[in-house]
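For the first sequence, the numbering used here begins at 49 and goes up steadily by one.
I have placed the structure first, in the form of structure tokens, so that the comments after it can refer back to it.
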Amino acid sequence: MLPPSLRKNKPSKFDKENFFERVFAVVKKIPRGRVTNYGAIANYLGTGLSARTVGWAMNSSHILVPPIPAQRVVNRNGLLTGKNHFATPSLMEELLQAEGVEVVDDKITHFKKLFWNPADEPLIKKKRSKKNN
DNA sequence: CGTGTGACCGGCG
DNA sequence: ACGCCGGCCACAC
């Protein structure tokens, strides 16, 4: 649940669909050891080019309990652009390394191979939940 | 209500 | 490959 400070979003095409929660939901679905980028999430949510808004949503994700795997969301170059928003600048990289994601110079190696597109995931059918992931 | 800013992206020189 | 610019959406002044 979002704290009151984040629920006061003004009416918009995002608010009515709970854009924040949708972003968080997608991030939560990113498999361990895989990564995606802001644009892919934005596109998946149908917001097109509003990747920046996804990043803005992530900026508020640190208050969530339990926290979402925000370390698996990087920019289009596989660069850990959000590292400075974690508790410590090195935390994001450490979390990724712990998942087996190699990070060199704030950049994910083999980014293309590890890239996970939410659109690849078959839309939630609820029936096949047993086999998910 | 105009402006500036941002964990962005794509195109172009 | 690098850097600049415009566009996108939401928020804070």
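Don't be surprised by glycine CBs; every beta carbon is placed ideally from N, CA and C.
query, result
"Supposed close pair Ala105, Phe68 - CB separation, criterion 8 Å", "5 Å"
"Local Cβ density within 10 Å of Ala88, reported as buried at 16 or more and exposed below that", "buried"
"Reduced DSSP category for Asn85 - H, G, I as helix; E, B as strand; rest coil", "strand"
"Met124 versus Pro114: straight-line alpha-carbon distance, rounded", "In the sequence as presented, Met is not what sits at residue 124; that position holds Arg. Each residue's alpha carbon lies about 26 Å from the other."
"Residue environment, Lys175, which counts as buried when at least 16 other CB atoms sit within 10 Å", "Only weak support exists for where Lys175 lies, its pLDDT of 46 falling under 50; the coordinates are left without a value."
"Burial state of Gly148, where buried means 16 or more other Cβ atoms lie within 10 Å", "exposed"
"Cα-Cα separation, Thr95 to Ser138", "31 Å"
"Coarse secondary structure for His116, derived from DSSP in three states", "In the sequence on display, residue 116 carries Ile and not His. Ile116 falls in the coil class under three-state DSSP."
"Extent of the continuous alpha helix (DSSP H) to which Thr101 belongs", "Ala99 to Asn107"
"Span separating the alpha-carbon of Val151 from that of Pro117", "16 Å"
"Short Cβ contact (8 Å threshold) for Arg120 with Val83", "yes"
"Beta-carbon spacing of Gly126, Lys155 below 8 Å", "yes"
"Three-state secondary structure assigned by DSSP to Val152", "strand"
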